[in-house]
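Asks: Once you've had a glance at the structure underneath, I'll fire off some questions.
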Amino acid sequence: MLGKSMRGTHRNSIEKQWKGLVAIGVLMAANIAFNNSSLVNMSLSLNQIIRASIPVVTAIVAVVVEHQIPGKGEAAGLLVLTGGVMLSVYEGTAVGSPYAIFCCIAGTICNGAMMSFSGRLLSEKLDVLRLAFYTAPVSLGVLLPLFYLQEAARIQQYMVIHGRHVYILVTLSSMLALIYNVVHSLMILHTSAVSTTVIGEAKIIGLLILSYFVLGEKKVFTPNLWIGCMLAIGGFCLYSHFKLRAIQCKAAEVASRVGVEAESQPLVPSATQLTKLSPRSPGSRV
43 MLGKSMRGTH
53 RNSIEKQWKG
63 LVAIGVLMAA
73 NIAFNNSSLV
83 NMSLSLNQII
93 RASIPVVTAI
103 VAVVVEHQIP
113 GKGEAAGLLV
123 LTGGVMLSVY
133 EGTAVGSPYA
143 IFCCIAGTIC
153 NGAMMSFSGR
163 LLSEKLDVLR
173 LAFYTAPVSL
183 GVLLPLFYLQ
193 EAARIQQYMV
203 IHGRHVYILV
213 TLSSMLALIY
223 NVVHSLMILH
233 TSAVSTTVIG
243 EAKIIGLLIL
253 SYFVLGEKKV
263 FTPNLWIGCM
273 LAIGGFCLYS
283 HFKLRAIQCK
293 AAEVASRVGV
303 EAESQPLVPS
313 ATQLTKLSPR
323 SPGSRV
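The numbering of the sequence shown is the numbering used here, which starts it at 43 and goes up by one.
Set out below in structure tokens:
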């Protein structure tokens, strides 16, 4: 990324997409800050219930940013999936201060907007590595002042006791974050922003079901959790069905348009083409 051969590419990409890159970097930092702040005065159950609405939020933002309007079937699948996940992660108690609830909602909106902006930039031939390379300094610039104001003193106290373990922890977590962001962007590139969030919701249900069969956590599975899992699976299948059907219809429409354009071409060559294809006269020079 820092080689001489990439300098021209970086300049062109930043000049064309700098607004979107700044928006993604700021939204990513805001998502992290708001979500972590909400967990201080909120139960994890309530946090997960609110953040289960990310697919719906992303779909709403995608209408404005990517101009992608979901069909009625896709919208119904998203609502059923979101309701099922909310019911599944509910643990009987969901408490949180108004400030924490506001931060969680704000973080959820920032997450959905970040996904949609990433989908738009990736669809315009910006690869995932450059996306991470351009947005990381923006996120760092947003979070660094907050770090110095609120967390630097406590980190220094922690480093006095634990020393080099802090550097190891920061390095490993940074590597994991980079891998996560690259994989996340690849999912958006090959599917869409909304589909990626749907897969993320299905992952939560899959982990809950695996915990039942593999870890033997049968006591955790209440009737509400079973109903929520069934609703979420049904919503996932419903969304996938209508999404695939929409893709097939779009492909058929493109194929028919190409066929019409091919049929509109004249079967008999024009006079100019006939002149070019006519044999040369005997006296012509080769």
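The beta-carbon is built from N, C-alpha and C at its ideal position, and this holds for glycine as well.
Going by the CB atoms, is the gap between A235 and S160 shorter than 8 Å?
Replies: Here residue 160 is taken as the residue at index 118 of the sequence shown, counted from 1. Here residue 235 is taken as the residue at index 193 of the sequence shown, counted from 1. Taking C-beta atoms as the reference points, S160 and A235 count as a pair closer than 8 Å.
Asks: Let's test the definition: count the other Cβ atoms within 10 Å of the Cβ of Q198 and tell me whether it reaches 16, buried, or not, exposed.
Replies: Translated into the one-based positions of the sequence shown, residue 198 becomes position 156. It counts as exposed.
Asks: Please list, in chain order, all residues of the same chain as S79 whose beta carbon is under 7 Å from its beta carbon, the five residues on each side excluded.
Replies: What you label residue 79 is simply residue 37 of the sequence shown in a count that begins at 1. Answer for S79: C145, listed in chain order.
Asks: Looking only at C-alpha atoms, which of A104, M43, L63 sits nearest to S237?
Replies: Working through the sequence shown from its first residue, we reach residue 237 at position 195. Nearest option by C-alpha distance: A104.
Asks: Tell me whether S326 is buried or exposed, calling it buried when 16 or more other Cβ atoms sit within 10 Å of its Cβ.
Replies: What you label residue 326 is simply residue 284 of the sequence shown in a count that begins at 1. Confidence at S326 is low in this model, with a pLDDT of 48, below 50, so the placement of that residue is unreliable and no value is reported for it.
Asks: Indicate whether L69 and A178 have their beta-carbon atoms separated by less than 8 Å.
Replies: Position 27 of the sequence shown, counted from the start, is the residue given in the question as residue 69. Position 136 of the sequence shown, counted from the start, is the residue given in the question as residue 178. Contact: no.
Asks: If you follow the alpha helix (DSSP H) that P112 is in, where does it begin and where does it stop?
Replies: Within the sequence shown, the letter at position 70 stands for residue 112. Premise fails: P112 is in no alpha helix (DSSP H) and is neither H nor E.
Asks: Just confirm the distance between the C-beta atoms of S85 and Y132, as a whole number of angstroms; I'd bet it's less than 8 Å.
Replies: Along the sequence shown, read from residue 1 onward, the residue named residue 85 stands at position 43. Along the sequence shown, read from residue 1 onward, the residue named residue 132 stands at position 90. That pair is no contact at about 10 Å.
Asks: Kindly indicate which three-state DSSP category M48 falls into: helix, strand or coil?
Replies: The count along the sequence shown starts at 1 and reaches residue 48 at position 6. In this structure, M48 counts as helix in the three-state DSSP scheme.
Asks: Quick check: the Cα distance between S130 and T51, rounded to an integer number of angstroms?
Replies: For this step, residue 130 is matched to residue 88 along the sequence shown. For this step, residue 51 is matched to residue 9 along the sequence shown. About 46 Å.
Asks: Whose C-beta lies closer than 6 Å to the C-beta of V98 among residues of the same chain, with five residues either side of it excluded?
Replies: The sequence position of residue 98 within the sequence shown is 56, counting from 1. Same-chain partners within the cutoff: L120, T124.
Asks: When burial is assigned at 16 or more other CB atoms within 10 Å of the CB, is K285 buried or exposed?
Replies: Locating residue 285 in the sequence shown gives position 243, counting from the first residue. It counts as buried.
Asks: Helix, strand or coil for M84? Go by DSSP, reduced to three states.
Replies: On the sequence shown, residue 84 is found 42 positions in, with the first residue counted as 1. Strand.
Asks: Provide the residue(s) that pair with G138 in DSSP beta bridges, ordered along the chain.
Replies: In the sequence shown, counting from the first residue as 1, residue 138 sits at position 96. Partner(s): M84.
Asks: May I have the straight-line CA-CA distance separating G45 from S282, to the nearest angstrom?
Replies: Here residue 45 refers to the residue found at position 3 of the sequence shown. Here residue 282 refers to the residue found at position 240 of the sequence shown. Roughly 42 Å between the two C-alpha positions.
Asks: Give the C-beta separation of N153 and I96 to the nearest angstrom, bearing in mind that I take them to be a contact with Cβ-Cβ under 8 Å.
Replies: Mapped onto the sequence shown, residue 153 falls at position 111. Mapped onto the sequence shown, residue 96 falls at position 54. About 6 Å separates the two Cβ atoms, so the contact holds.
Asks: Cutting at 8 Å between CB atoms, please list the residues of its own chain near F278, excluding the five before and the five after it.
Replies: For the purposes of this step, residue 278 is identified with residue 236 of the sequence shown, where counting begins at 1. Cβ within range, chain order: G119, L123, V240, E243, A244, I247.
Asks: Do R93 and T150 have their CB atoms nearer than 8 Å?
Replies: In the sequence shown, residue 93 corresponds to position 51, counting from 1. In the sequence shown, residue 150 corresponds to position 108, counting from 1. Going by C-beta atoms, R93 is nearer than 8 Å to T150.
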